[in-house]
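Protein chains: 2
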Amino acid sequence: MHIPPATQRRVVIIGAGFGGQEVAKHLAGAPVDILLLDRNNYYGFWPLLYQVATAGLEPQEIALPTRALLRGIPNIQFRVAQVERVDFDRRVVATDQGDFPYDEVVISAGTATNFFGLPEIEAQSFDLKDVPAAVALRNHLITCFERAVGTDDVAERQRLLCFVVVGGGPTGVELAGAITELTRHVMPKDYPALDFAQVQIHLLEATNRLLAAFPDRLGRKAQRTLTSMGVNVQLGVSVTGYQDSCLRFEDGNQLSTATVIWAAGVKAAALATTLPVTRQRGDRIPVTPELQLADRPEVWVLGDMAYLEGPDGKPYPQLATVAMQQGRLVARNLVRKLRGKPLEPFHYFDKGMMATIGRRRAVARIWNMNWSGTIAWWLWLGVHILYLAGFRNRVLVLINWAYSYLTYDRGARAVFATTQRADDTL
Amino acid sequence: MHIPPATQRRVVIIGAGFGGQEVAKHLAGAPVDILLLDRNNYYGFWPLLYQVATAGLEPQEIALPTRALLRGIPNIQFRVAQVERVDFDRRVVATDQGDFPYDEVVISAGTATNFFGLPEIEAQSFDLKDVPAAVALRNHLITCFERAVGTDDVAERQRLLCFVVVGGGPTGVELAGAITELTRHVMPKDYPALDFAQVQIHLLEATNRLLAAFPDRLGRKAQRTLTSMGVNVQLGVSVTGYQDSCLRFEDGNQLSTATVIWAAGVKAAALATTLPVTRQRGDRIPVTPELQLADRPEVWVLGDMAYLEGPDGKPYPQLATVAMQQGRLVARNLVRKLRGKPLEPFHYFDKGMMATIGRRRAVARIWNMNWSGTIAWWLWLGVHILYLAGFRNRVLVLINWAYSYLTYDRGARAVFATTQRADDTL
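Sequences listed follow chains A and B, in order. If you want the working numbering, it's the position in the first sequence, counting the first as 1, plus 276. If you want the working numbering, it's the position in the second sequence, counting the first as 1, plus 276.
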């Protein structure tokens, strides 16, 4: 590999998401050689991925090439590579693009969808794990309407127009809301021959409330809002299987649907299971308050992959804000370690959380206050534009949002077949 | 299929491109039931597809859902369907979504890439036949740079940084220019470690000039412009094969390259070869001046698929303007036929042609005058924004162009893996 000889300590960062990127940026100019690895060449702003899945935004608008973010930082190199193993003893990161030795390694590979051992669901449902998954869901949703308008079979049309979202966290709530708006406002203009009273949208949650991480009042508010929009919210419902368009429940009930979207949970990226470490719930890796492995101080783990309990005894939530703050701490601690200074423990500054439900409908907890309705929606808009990387992306997203808001339309409704041909020339 | 009983003459239009769409729109309100079929749910503005392939634009920005174009026209239905056969005797269009009977059928399925019987090229090269092909090319171009920066092997880096465009028509010229600008202006910022003097861009043309359909002076101008930008333009060069990254020429020469882009020609869509008709060069179907089959007056063929000679004895060129004018004539002739009036022959109003090469560099023939340089480039911009369908698309494309122009950057550089999982639920 074309890596210049390391004259300084080599830091390899695995994963260029919210956390890994903060480490890289905050080590700019530090006396270390940084190698940032990611399987993709871009940084995705995942909080807006559900809008790609519902034809509101284009993938490129929520993605920024990682190299663009790192321009002008001389001590960083970036490689697109799939990490296969981390050899803690030899201190080498093994990838499909070769092996990279390290002195310090930062593991921040994020999460994967947790199907909780339901292989039928994993094989047949949609999720929001990455851009191709979101595009596949968008294509599927639109194709359901295309097929529904072309059939005379009532049961078949019912199956095609029944949309089930499993999981009442922010992703499930935002998806159910966005699909409802797509169905109520956009599709009737495209399919005047279709009876939209047949459309069913279900949001299923296994526990007894939506948005478990939010204050109870906001969870109930979200439930009322979704119900008023026409979503059938069902709490205390557990899914057990899905085959041949038949979704089965623990209580023996069944539902015929062509669309199950799995938003019921995440687990640490598969890399976690390949490491010689103990693992907590959801494959998260326990770390010290300084974000190192207890017995390997040169291995740092952060973000969604790390398991660290806060002052309340509960693990820190798997949120972008946690990952970003942990990324900055890892960068600071790496420099303190180099300089022989004592490391600092992680302290989380809780910036709150928010979820949008629809037009002028959102819930938010910010500055320890609860917000809902129009004001929460504006807050949501502002925060997401602020955190979205790249001037061009901000402008394009704002234009798309303004267009959707004013016209009750969604622009990105073209269904592009995905290429099948492998790129044999590389 | 959920098609209301036809009470009027049924017109089935195959293909919703530039031509088919004009037929549909100009039959709005006429006493016919129109069924428009296309394998895609969108209308693509193909003249800008090369910008998708070179990271300048996003696919959705050059695509408009066909249903959006047809909103509010009561006598039109649209179906996403792949046409498999047209049975002239039974008067039925057979598709993967069922059979559709017709009284009049309009065949306007456009073109496919013509590989002139070179299977190696077909298997290994890239082309611009549709959106997935353009996205595959974009991903490939960016991945070539990612791989090149990661290798120490000089020959391998040379192979990865050698880009060959075959075909000196407008598509080849525009692609060669856009790849050159991507390479010269954008990539060096992302890959500071790479020596860009190693990049080679070849434009190969089998005849003795570029832009054969343009006046000779503009072909020479385009050649000088491309050469000044660093493109190696070679005329009179014929490609015979391509395997294991080795491009072979008729004169025995070879070139090691990971990227061959085939822009050497088109032929009528494969549907043409399934019809019981004689075919001209490039599988085009001979039609009467009224755009019917001579022996089947209820079968209309137009656009790139139709073969009709103009007053100069040469077939009309395969251009959007020809297809659109022919589409309008077919609509008019269909109504005249219904009313028992004599049909009108096709007269082409030549609006000219243009090709862009780079920043403030284009060639155009408009109003029988030759234009080049900055003024041609502005004309090109204006015409393409004007013809691009959809207010939202126009705004987004203009913003992307302004961004690229001002920053020398290209926004759409993220490489999204294409989904492999089949949609089993439909």
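In this text, a Cβ means the ideal position worked out from N, Cα and C, and glycines have one as well.
According to DSSP, residues forming a beta bridge with B:Val360 = Note on residue identity: the sequence assigns Glu, not Val, to residue 360 of chain B. Beta-bridge pairing links B:Glu360 to no other residue.
Show which residues of chain B have a CB atom less than 7 Å away from the CB atom of A:Ser521.
-> Thr701
Residues in its own chain within less than 8 Å of B:His278 by CB, not counting five upstream and five downstream?
-> Bear in mind that a pLDDT of 47 at B:His278, under 50, signals an unreliable position, so the model cannot answer this.
To the nearest angstrom, report how far apart A:Leu531 and A:Ala548 are at their CA atoms.
-> 35 Å
If B:Met581 sits next to B:Ala544, beta carbons under 8 Å apart, how far is it from one beta carbon to the other, in whole angstroms?
-> 4 Å
Measure the CB-CB distance between B:Trp576 and B:Leu567 and report whether it falls below 8 Å.
-> yes
Taking 8 Å as the CB-CB cut-off, is B:Ala344 touching chain A?
-> yes
Which of helix, strand or coil does DSSP assign to B:His278?
-> Here B:His278 scores only 47 on pLDDT, less than 50, and its place in the model should not be relied on; the value that follows carries that caveat. Reduced to three states, the DSSP call for B:His278 is coil.
Going along the chain, which residues of its own chain have a beta-carbon closer than 8 Å to the beta-carbon of A:Gln556, five neighbours each way excluded?
-> Here the set comprises Pro562, Tyr583, Pro591.
Using a cut-off of 7 Å between C-beta atoms, extract the partners of B:Lys465 located in chain A.
-> Arg347
Name, please, each residue of chain A whose Cβ falls closer than 7 Å to the Cβ of B:Tyr679.
-> Arg668
Beta carbon proximity, B:Cys355 to chain A, threshold 8 Å = Checking the displayed sequence, the identity of residue 355 of chain B turns out to be Arg instead of Cys. Closer than 8 Å: yes.
Per DSSP, B:Cys420 forms a beta bridge with which residues?
-> Per DSSP, none; premise fails for B:Cys420.
For B:Glu334, which residues in chain A fall below 9 Å Cβ to Cβ?
-> Glu334, Pro335, Gln336, Glu337, Leu672, Ala688
Using 8 Å as the limit for Cβ to Cβ distance, is A:His278 near chain B?
-> For A:His278, the pLDDT reaches just 47, beneath the cut-off of 50, and the residue's location in the model is therefore unreliable, although a value from the coordinates is still provided. Yes, because at least one Cβ of chain B sits closer than 8 Å to the Cβ of A:His278.
In the structure shown, what three-state DSSP assignment does A:Phe622 receive?
-> In the structure shown, A:Phe622 sits in coil (DSSP, three-state: anything other than H, G, I, E or B).
What residue range is occupied by the uninterrupted beta strand (DSSP E) comprising B:Ala388?
-> 387-389
Assign A:Asp466 to buried or exposed, taking buried as 16 or more other Cβ atoms, counted over all protein chains shown, within 10 Å of its Cβ.
-> buried
State the start and end residues of the unbroken alpha helix (DSSP H) segment that holds B:Val299.
-> 294-302
Say whether chain B places a C-beta atom closer than 8 Å to the C-beta of A:Arg423.
-> yes
Hey, quick one: how far does the beta strand (DSSP E) through B:Arg524 stretch, first residue to last?
-> 522-525
To the nearest angstrom, how far is it from the Cα of A:Asn609 to the Cα of A:Leu619?
-> 5 Å
In three-state DSSP terms, what is B:Val577?
-> strand
Contact belief for B:Leu662 with B:Val673 at Cβ below 8 Å, rounded distance in angstroms | No, B:Leu662 and B:Val673 are not in contact; Cβ-Cβ is about 11 Å, not under 8 Å.
Hey, could you find the ends of the alpha helix (DSSP H) A:Glu398 is sitting in?
-> 395-400
At a cut of 8 Å, does the stretch 504-517 of chain B reach the stretch 643-657 of chain B through at least three beta carbon pairs?
-> No: fewer than three Cβ pairs fall under 8 Å.
Spell out a yes or no on whether the stretch 427-434 of chain B and the stretch 612-630 of chain B are touching, meaning 3 or more CB-CB pairs, one atom from each, closer than 8 Å.
-> no
Counting only beta-carbon atoms, is B:His416 nearer than 8 Å to chain A?
-> yes
B:Val507 by DSSP, collapsed to three states: which one?
-> coil
Please list, in chain order, all residues of the same chain as A:Val691 whose beta carbon is under 6 Å from its beta carbon, the five residues on each side excluded.
-> Asn415, Ile418
Tell me, to the nearest whole angstrom, how far the beta carbon of A:Ala599 is from that of A:Gly579; I am working on the premise that it is less than 8 Å.
-> 3 Å
Is A:Ala344 helix, strand or coil when you go by DSSP?
-> helix
Same chain only: Cβ atoms within 6 Å of A:Gly285, ignoring 5 sequence neighbours per side = In the sequence as displayed, the identity of residue 285 of chain A is Arg instead of Gly. Correct list, in chain order: Val308, Asp379.
Does the stretch 286-302 of chain B come close enough to the stretch 380-394 of chain B to have 3 or more Cβ pairs within less than 8 Å?
-> yes
For the candidate residues A:Asp492, A:Glu337, A:Ala331, whose alpha-carbon lies nearest to that of A:Glu457?
-> Comparing Cα positions, the closest option is A:Ala331.
Does DSSP put A:Ile349 in a helix, a strand or coil?
-> coil
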